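Protein chains: 2
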Amino acid sequence: MRVGILGSGLMGAKLGTIFARAGHDVVFSYSRSTDKLQRLARDAGGNARAGTPAEAAESADALLLAVHSSRVDDVLAQAGDLARKVIVTCSLPLNESNTELVVAHTISGAEALAKKVPGAHVVAAFQTLPSEVLFDVFAARASETRPSLIYCGDSDEPKRAAATLIRDIGFDPVDAGPLRSARYTEPFALLIAQLAYDGEAGPEIAYRLLRYGKQ
Amino acid sequence: MRVGILGSGLMGAKLGTIFARAGHDVVFSYSRSTDKLQRLARDAGGNARAGTPAEAAESADALLLAVHSSRVDDVLAQAGDLARKVIVTCSLPLNESNTELVVAHTISGAEALAKKVPGAHVVAAFQTLPSEVLFDVFAARASETRPSLIYCGDSDEPKRAAATLIRDIGFDPVDAGPLRSARYTEPFALLIAQLAYDGEAGPEIAYRLLRYGKQ
Chain A
4 MRVGILGSGL MGAKLGTIFA RAGHDVVFSY SRSTDKLQRL ARDAGGNARA GTPAEAAESA
64 DALLLAVHSS RVDDVLAQAG DLARKVIVTC SLPLNESNTE LVVAHTISGA EALAKKVPGA
124 HVVAAFQTLP SEVLFDVFAA RASETRPSLI YCGDSDEPKR AAATLIRDIG FDPVDAGPLR
184 SARYTEPFAL LIAQLAYDGE AGPEIAYRLL RYGKQ
Chain B
4 MRVGILGSGL MGAKLGTIFA RAGHDVVFSY SRSTDKLQRL ARDAGGNARA GTPAEAAESA
64 DALLLAVHSS RVDDVLAQAG DLARKVIVTC SLPLNESNTE LVVAHTISGA EALAKKVPGA
124 HVVAAFQTLP SEVLFDVFAA RASETRPSLI YCGDSDEPKR AAATLIRDIG FDPVDAGPLR
184 SARYTEPFAL LIAQLAYDGE AGPEIAYRLL RYGKQ
């Protein structure tokens, strides 16, 4: 797949690198520093390059939105027309100090995003994990029991694209239903962050859904 | 431990039964039907009996609050003075149709409960799992990898009591920090419910926190 990365912070940089190493064509975009984007593309190897948000969006099969919520409007404006695009968002509707969700329960950040880009297909994913665990999980992708990664969205085809990306970086995709489930996955992401950054075990954590009963 | 169960719905009935089978003294209370409470106590075996909420609270080392949010005020009034009591709550601040959290992000159901009973120690636990999985997990408690169960609260001793109960029914307790983390654990509980009741795999699900990196 061709994957455009909007945002080159911890999540965007690491996920883009891993997508490239998993064999996808990746365009890194939206950093204050063009040098950083070029270094990311070089270090990722494979088919990765640096570009503008518009270039990242242009021929992308999926876009990863990985910016702080305060930058969403700006990066969307720079990306141009996103009608019919698949947008996988790991952006959370956080306040400036990253301590509280500013949107929830009657709406979610992902649903608010879907309203901003009415022609696009939004999938909420990659929210519920610390970036620190990404390379560990990718390195262990051949192991029998993979961590889960919850995603949700309203359209089947875009959800399949997101599930492919999730699978390719070493996680088991878990479908949490419609995009409105982001009202729950976004607070869950903050719970994971709390465990990762305020807990004693360190930030390299993930979770696995376990099934009992018949199976 | 002596455990008082306030509420005899799915969670209260099953958790009380399992606490009794794990060796705790259990008092079931707060059902419309006294017969139901007596049947629960009989079926649980061990040191289980039926009682009023006041009897359940009287000499309890820990109380499990397992009623619908619309019944919290009533059961607290019946339980009497709860100063210095440990209250482990699995009650969620749900609306009448159980479809939305009515409290969150600037408060949580567990924090609201703590405000109602200022002398008591509230621990939020047993929220993030479907009742259907409880007996499976208890039956598998000798297995090497246990499911996790997230809990949070503001005082160490009551949290240790909750962790003991969690461990005794087959889960690994995971400390999510202060009671305000219930702002995240309560939406996470709804995510688990969504996966359990709207997913294809059935309701017998749990989750396990995985640690990577140094460990």
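Just so you know, the sequences run in chain order A and B.
Its first residue numbered 4, the first sequence is counted upward by one per residue in this note's numbering.
Its first residue numbered 4, the second sequence is counted upward by one per residue in this note's numbering.
C-beta atoms are modelled at their ideal positions from N, C-alpha and C, and glycine is treated no differently.
Quantities reported herein were computed from a predicted structural model and do not represent experimental measurements.
May I ask which residues mark the beginning and end of the alpha helix (DSSP H) holding residue i?
{"i": "Phe191/A", "result": "185-201"}
{"i": "Gly112/B", "result": "112-119"}
{"i": "Ile172/B", "result": "Where Ile172/B is concerned, there is no enclosing alpha helix (DSSP H), given that its DSSP letter is neither H nor E."}
{"i": "Thr109/A", "result": "Here Thr109/A belongs to no alpha helix (DSSP H), and DSSP marks it neither H nor E."}
{"i": "Thr148/B", "result": "Note, Thr148/B: premise wrong, no alpha helix (DSSP H); not H, not E."}
{"i": "Val91/A", "result": "Note, Val91/A: premise wrong, no alpha helix (DSSP H); beta strand (DSSP E) at 89-92."}
{"i": "Asp38/B", "result": "37-47"}
{"i": "Asp76/A", "result": "75-82"}
Is the separation between the beta-carbon of residue i and that of residue j shorter than 8 Å?
{"i": "Glu189/A", "j": "Ser73/A", "result": "no"}
{"i": "Gln130/A", "j": "Ser184/B", "result": "no"}
{"i": "Val140/B", "j": "Phe174/B", "result": "yes"}
{"i": "Ile172/B", "j": "Phe31/B", "result": "no"}
{"i": "Ala165/A", "j": "Val91/A", "result": "yes"}
{"i": "Tyr210/B", "j": "Ser134/B", "result": "no"}
{"i": "Arg17/A", "j": "Phe138/A", "result": "Sequence check: residue 17/A is Lys here, not Arg. The answer is yes: Cβ separation under 8 Å."}
{"i": "Asp159/A", "j": "Leu182/A", "result": "no"}
{"i": "Ile153/A", "j": "Val177/A", "result": "yes"}
{"i": "Ala57/A", "j": "Ala82/A", "result": "yes"}
{"i": "Ala4/A", "j": "Thr148/A", "result": "Before going further, note that residue 4/A is Met rather than Ala in the sequence given. No, these two residues do not count as a Cβ contact at 8 Å."}
{"i": "Ser89/B", "j": "Pro161/B", "result": "Reading off the sequence shown, one finds Val at residue 89/B, where the question assumed Ser. For Val89/B and Pro161/B, yes; Cβs fall inside 8 Å."}
{"i": "Ala115/A", "j": "Ala127/A", "result": "no"}
{"i": "Ile195/B", "j": "Leu95/B", "result": "no"}
{"i": "Arg170/B", "j": "Ala204/A", "result": "no"}
Return no unless some Cβ of chain B is closer than 8 Å to the Cβ of residue i.
{"i": "Arg214/A", "result": "yes"}
{"i": "Pro190/A", "result": "yes"}
{"i": "Ala16/A", "result": "no"}
{"i": "Glu207/A", "result": "yes"}
Apart from the five residues on each side of it in sequence, which residues of its chain come closer than 7 Å, Cβ to Cβ, to residue i?
{"i": "Lys39/B", "result": "Ser11"}
{"i": "Tyr200/B", "result": "Pro206"}
{"i": "Thr52/B", "result": "Reading off the sequence, residue 52/B comes out as Arg, not Thr. Cβ neighbours of Arg52/B beyond the five flanking positions: Val30, Ala44."}
Using a C-beta cutoff of 8 Å, does residue i count as contacting chain A?
{"i": "Ala128/B", "result": "no"}
{"i": "Thr20/B", "result": "no"}
{"i": "Ala179/B", "result": "yes"}
{"i": "Leu194/B", "result": "yes"}
Considering just the uninterrupted stretch of the beta strand (DSSP E) at residue i, what are its terminal residues?
{"i": "Leu212/A", "result": "208-214"}
{"i": "Thr20/B", "result": "From DSSP, Thr20/B is part of no beta strand (DSSP E) but of the alpha helix (DSSP H) over 13-24."}
{"i": "Val29/A", "result": "28-32"}
{"i": "Arg5/A", "result": "5-9"}
{"i": "Pro176/B", "result": "175-178"}
{"i": "Arg52/B", "result": "51-53"}
{"i": "Leu68/B", "result": "65-68"}
{"i": "Leu126/A", "result": "With the sequence shown as reference, residue 126/A is identified as Val, and Leu is not the correct amino acid for it. Taken as a continuous stretch (DSSP letters only), the beta strand (DSSP E) holding Val126/A covers 124-127."}
Residues of chain B with CB under 7 Å from residue i, in chain order?
{"i": "Gln197/A", "result": "Ala179, Gly180, Ser184, Tyr187"}
{"i": "Asp139/A", "result": "Tyr215, Gly216"}
{"i": "Val136/A", "result": "Tyr215"}
{"i": "Ala204/A", "result": "Arg214"}
Starting from the beta carbon of residue i, find every residue of chain A whose beta carbon is closer than 7 Å, and list them in chain order.
{"i": "Asp201/B", "result": "Gly180"}
Give the residues of chain D in contact with residue i, contact being defined as C-beta atoms less than 9 Å apart.
{"i": "Tyr210/A", "result": "Looking at the structure shown, chain D is missing, and the protein chains on hand are A and B."}
Suppose the cutoff is 6 Å on Cβ atoms and the five residues either side in sequence are ignored; what does the same chain contact list for residue i look like?
{"i": "Cys93/A", "result": "Met14, Ala69, Phe129, Gln130"}
{"i": "Asn50/A", "result": "Asp28"}
{"i": "Gly7/B", "result": "Val30, Ala59, Ala60, Ala63, Leu66"}
{"i": "Thr20/B", "result": "Ala47"}
{"i": "Ala123/B", "result": "Leu85, Lys88, Ile90"}
{"i": "Leu212/A", "result": "Ser151, Val177"}
{"i": "Val120/A", "result": "Leu85"}
{"i": "Ser34/A", "result": "Ser11, Leu40"}
{"i": "Gly26/B", "result": "none"}
Whose C-beta lies closer than 8 Å to the C-beta of residue i among residues of the same chain, with five residues either side of it excluded?
{"i": "Gln218/A", "result": "Summary for Gln218/A: the model assigns pLDDT 45, below 50, so the residue's position carries little reliability, and this model does not support an answer."}
{"i": "Arg24/B", "result": "Ala47, Gly48, Gly49, Phe141"}
{"i": "Gly180/B", "result": "Cys155"}
Just to confirm, does residue i get its C-beta within under 7 Å of one of the non-hydrogen atoms of the ligand NAD?
{"i": "Gly19/A", "result": "As presented, the structure is devoid of all ligands, the ligand NAD included, so that no description of it is given."}
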